[in-house]
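Scroll down for the structure; my scribbles are underneath it.
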Amino acid sequence: MKPVANYIRVNASFDIIRTGKHYLLINFGEEWRFEVMEILANEDFRIRMLDTLEEQLLSDLIAYGKGPDFTFDEL
Numbered sequence: 001m002k003p004v005a006n007y008i009r010v011n012a013s014f015d016i017i018r019t020g021k022h023y024l025l026i027n028f029g030e031e032w033r034f035e036v037m038e039i040l041a042n043e044d045f046r047i048r049m050l051d052t053l054e055e056q057l058l059s060d061l062i063a064y065g066k067g068p069d070f071t072f073d074e075l
């Protein structure tokens, strides 16, 4: 059996995201720490960055796909 190429291990899943919790997302060398403000009906999330307090959608952070360093975990 051949090993799967480019296997990405993710510590947490977007399925377990809860409002009010803090998360860390690393993708394409960038690191974001954010709080989930609202779970939207279209399976997206309104988030607030912990360092700048800027609000945006979680989908904006992964709009270009998941990089080889993709990590997502609860803080």
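Mapping the sequence shown onto my numbering, position 35 (from 1) lands on 35, and the numbers just tick up by one. Glycine included, every Cβ here is placed at the ideal spot set by N, Cα and C.
Looking at residue j and residue i, is the spacing between their C-beta atoms short of 8 Å?
{"i": "L50", "j": "E38", "result": "no"}
{"i": "F45", "j": "L58", "result": "yes"}
{"i": "D73", "j": "G29", "result": "no"}
{"i": "R18", "j": "L24", "result": "no"}
{"i": "Q56", "j": "I47", "result": "yes"}
Looking at C-alpha atoms only, which residue of the options is the closest neighbour of residue i?
{"i": "Y64", "options": "K21, E43 and N27", "result": "N27"}
{"i": "N42", "options": "T71, D15 and E31", "result": "D15"}
Going by DSSP, name the residue or residues bridged to residue i.
{"i": "Y23", "result": "F34 and E74"}
{"i": "L58", "result": "BP columns for L58 are empty, so no partner."}
{"i": "F45", "result": "I39"}
Mind checking residue i: buried by the 16 CB within 10 Å criterion, or exposed?
{"i": "L75", "result": "exposed"}
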